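Under UniProt numbering, the first residue of the sequence shown is numbered 1, with each subsequent residue one higher.
Backbone N, C-alpha and C fix where the C-beta goes; we use that ideal spot for every residue, glycine too.
None of the values given here were measured: they were computed from a predicted structure.
See below for the structure under consideration.
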Amino acid sequence: MSTTDRHDQIVVSIYDAALDPGKWPALLTEIAHYVGAMGAMIFEVGTPDDKPHLLASHFSDTYDADLVRGYLLLHKDLEIANQAIFARHSKATDEIQLIPDSVLAATEAELLARPNQKTMMQYGIRYRCGALLNKDQLFHDRFSMQFGADAANDLPMRLAKASRLLPHIAKALSIGRPIQAMQRRHGTIVEALDKLDVGFCVLDDRMNVIMGNEEFRRQTEEAGVFRKDPRGRLSFRQDSDLGRARALMTGVEGHGRFGARPRKEALEVDHSGGPAATGALCIDISPLHKNRELGEGPVAGYLLMSTDTSRRYRLELPTIASLFDLSNAECAVLELMAEGKTNKQIAQERGRSLDTVNAQVKSILLKSNCANRTQAIRMVTNISSGFLVRD
1 MSTTDRHDQI VVSIYDAALD PGKWPALLTE IAHYVGAMGA MIFEVGTPDD KPHLLASHFS
61 DTYDADLVRG YLLLHKDLEI ANQAIFARHS KATDEIQLIP DSVLAATEAE LLARPNQKTM
121 MQYGIRYRCG ALLNKDQLFH DRFSMQFGAD AANDLPMRLA KASRLLPHIA KALSIGRPIQ
181 AMQRRHGTIV EALDKLDVGF CVLDDRMNVI MGNEEFRRQT EEAGVFRKDP RGRLSFRQDS
241 DLGRARALMT GVEGHGRFGA RPRKEALEVD HSGGPAATGA LCIDISPLHK NRELGEGPVA
301 GYLLMSTDTS RRYRLELPTI ASLFDLSNAE CAVLELMAEG KTNKQIAQER GRSLDTVNAQ
361 VKSILLKSNC ANRTQAIRMV TNISSGFLVR D
């Protein structure tokens with residue numbers, strides 16, 4: 001198998017893990033072997049309201065789980081300090097950069113003398129690197145890769161090879177978060193999908209609808225953005241929207257273009273031809289290779305996730321305010337935006353001028369690095385788990 005073919009195969013497997021997180025350990029091992037690393041981890045570093053802590057949510061299946069947890073407990077303070085340095089070097093742009101451990105100390109001798117480094121070297125780990133996979137939520141989706149001494153001469157080349165995969169991991173984690181949140185409550189994927197306020201649809205490679213959850217069916221009937229044609233294929237109201245969707249259904253090369261902010265890759269389509277302020281769908285599309293839980297056999301096609309930004313969502317405003325340094329007034333405006341209200345309606349409800357509300361919305365978008373309110377609502381509902389239906 002050529003290097004390009006293997007890369008593409010790994011990318012599709014990454015998107016499969018969005019639906020089945022149990023695939024991550026073996027997949028991280030495969031990615032490590034492909035890059036020439038000893039292993040890899042996906043983990044979290046607390047939240048703005050928590051005491052800093054490290055939680056390795058997924059790691060290579062060649063690693064012993066007790067050793068990983070024991071290491072993180074033993075060297076918690078050093079690791080949290082190190083992750084802050086990795087994050088500082090990684091967070092400037094949308095691009096995902098693997099930061100080598102040379103940034104952690106002034107000299108190599110100082111680095112090697114540290115207790116956590118000595119522990120890693122007992123297990124053959126000489127080099128490591130870190131990256132942010134989510135630059136909207138800096139405490140979520142950190143990535144680390146570990147290398148042996150054999151990487152001394154070509155570490156930059158190995159990191160460059162790994163970096164081509166990281167935007168896909170970031171997107172898969174983003175898409176998988178609502179599914180996994182509900183799956184923890186309801187068991188099977190299909191049961192979980194029907195409990196979500198986010199539309200999910202599985203398409204084959206000819207855009208035939210294999211299955212869709214209740215919210216997808218509601219959007220099909222009410223939003224006027226897409227529909228199932230008489231042959232059972234997904235069709236968009238506008239040819240331009242169909243063309244953009246098909247561009248994401250021609251292989252893996254169209255995905256992962258926005259690094260640690262995959263939400264920017266989503267299609268934004270206004271409801272029924274009306275102005276954007278009346279509501280829009282924010283539509284994510286990712287490849288899907290094989291997943292038996294969604295049908296009678298393996299599915300080869302695509303997963304579509306659609307957030308209706310005109311619906312009312314619950315926001316975790318303290319967390320969002322902390323992440324983006326929002327004022328109390330901006331939080332109040334954002335909460336009304338998440339209720340699907342236009343700027344004019346917000347101005348009337350808050351007793352403010354339209355110019356004032358326009359300025360506050362513009363400030364929210366600037367602080368959250370969003371191009372428009374559709375992106376902003378999609379992002380903050382994901383942060384808040386606002387896509388969960390009340391049980």
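Proximal residues to residue i (C-beta, below 7 Å), its chain only, five neighbours per side dropped
{"i": "G254", "result": "A247, L248"}
{"i": "A92", "result": "none"}
{"i": "residue 457", "result": "Missing from the structure shown is residue 457; the chain here goes from 1 to 391 and no further."}
{"i": "H140", "result": "E44, N134"}
{"i": "I10", "result": "E30, I31, Y34, L165"}
{"i": "A149", "result": "R126"}
Assigned exposure category for residue i - 16 Cβ within 10 Å defines buried
{"i": "S327", "result": "exposed"}
{"i": "H33", "result": "exposed"}
{"i": "G301", "result": "buried"}
{"i": "L112", "result": "exposed"}
{"i": "E108", "result": "exposed"}
{"i": "Q375", "result": "buried"}
{"i": "L104", "result": "buried"}
{"i": "K51", "result": "exposed"}
{"i": "P262", "result": "buried"}
{"i": "S102", "result": "exposed"}
{"i": "G70", "result": "exposed"}
{"i": "L159", "result": "buried"}
{"i": "S90", "result": "buried"}
{"i": "L74", "result": "exposed"}
{"i": "D20", "result": "buried"}
Straight-line Cα distance separating residue j from residue i
{"i": "M379", "j": "G256", "result": "17 Å"}
{"i": "E110", "j": "Y127", "result": "14 Å"}
{"i": "A260", "j": "A84", "result": "17 Å"}
{"i": "L334", "j": "T62", "result": "44 Å"}
{"i": "P167", "j": "Y15", "result": "11 Å"}
{"i": "K361", "j": "R373", "result": "Before going on, a small fix: residue 361 reads as Val here, not Lys. Cα to Cα, the separation comes out at about 8 Å."}
{"i": "M211", "j": "E265", "result": "23 Å"}
{"i": "N213", "j": "L138", "result": "30 Å"}
{"i": "P178", "j": "A18", "result": "10 Å"}
{"i": "A56", "j": "R350", "result": "43 Å"}
{"i": "E221", "j": "T381", "result": "23 Å"}
{"i": "E243", "j": "I283", "result": "The identity of residue 243 in the sequence shown is Gly, whereas the question assumes Glu. Near 13 Å, if we compare the C-alpha coordinates of I283 and G243."}
{"i": "R314", "j": "K23", "result": "31 Å"}
{"i": "S286", "j": "T319", "result": "28 Å"}
{"i": "R237", "j": "L193", "result": "25 Å"}
{"i": "V269", "j": "R352", "result": "29 Å"}
{"i": "T3", "j": "T250", "result": "19 Å"}
{"i": "Y123", "j": "A151", "result": "15 Å"}
{"i": "R6", "j": "N208", "result": "27 Å"}
{"i": "A359", "j": "R88", "result": "30 Å"}
{"i": "D64", "j": "L173", "result": "23 Å"}
{"i": "A329", "j": "C201", "result": "37 Å"}
{"i": "M157", "j": "R231", "result": "48 Å"}
{"i": "A106", "j": "D66", "result": "31 Å"}
Same chain, Cβ closer than 8 Å to residue i, neighbours up to 5 away in sequence not counted
{"i": "F324", "result": "I364, K367, S368"}
{"i": "D229", "result": "S235"}
{"i": "I377", "result": "C282, T307, T309, Y313, M337, A338"}
{"i": "Q219", "result": "G199, V225, F226, L281, S306, D308"}
{"i": "K118", "result": "L112"}
{"i": "P25", "result": "H58, F59, S60, D61"}
CB contact flag (residue i, residue j, <8 Å)
{"i": "A40", "j": "M120", "result": "no"}
{"i": "A131", "j": "I96", "result": "yes"}
{"i": "R206", "j": "R233", "result": "yes"}
{"i": "F216", "j": "S306", "result": "yes"}
{"i": "K341", "j": "L354", "result": "no"}
{"i": "E357", "j": "A371", "result": "The sequence as given places Val at residue 357; Glu does not occur at that position. Taking 8 Å as the Cβ cut-off, V357 and A371 do not qualify as a contacting pair."}
{"i": "A280", "j": "H289", "result": "no"}
{"i": "A338", "j": "C331", "result": "no"}
{"i": "F59", "j": "L27", "result": "no"}
{"i": "D239", "j": "L267", "result": "no"}
{"i": "I383", "j": "D94", "result": "no"}
{"i": "D308", "j": "A223", "result": "yes"}
Anticipated Cβ contact below 8 Å, residue i with residue j, distance rounded
{"i": "V45", "j": "R164", "result": "About 25 Å; that fails the 8 Å criterion."}
{"i": "V12", "j": "V252", "result": "6 Å"}
{"i": "L196", "j": "L304", "result": "With a Cβ gap of about 13 Å, L196 and L304 do not count as contacting."}
{"i": "L155", "j": "P115", "result": "Contact flag wrong, Cβ pair sits at about 23 Å."}
{"i": "K171", "j": "V35", "result": "That pair is no contact at about 19 Å."}
{"i": "M38", "j": "I125", "result": "6 Å"}
Any C-beta of chain C under 8 Å from that of residue i
{"i": "F43", "result": "Chain labels in this structure do not include chain C; a single protein chain is all it has."}
Beta-carbon proximity list for residue i, same chain, < 6 Å, skipping 5 on both sides
{"i": "F86", "result": "I99, G130"}
{"i": "A277", "result": "In this prediction, A277 has a pLDDT of 46, which is less than 50 and means its spatial position is unreliable; nothing more can be read from the coordinates."}
{"i": "N82", "result": "L104"}
{"i": "F258", "result": "D94, K264, E265"}
{"i": "D8", "result": "V252"}
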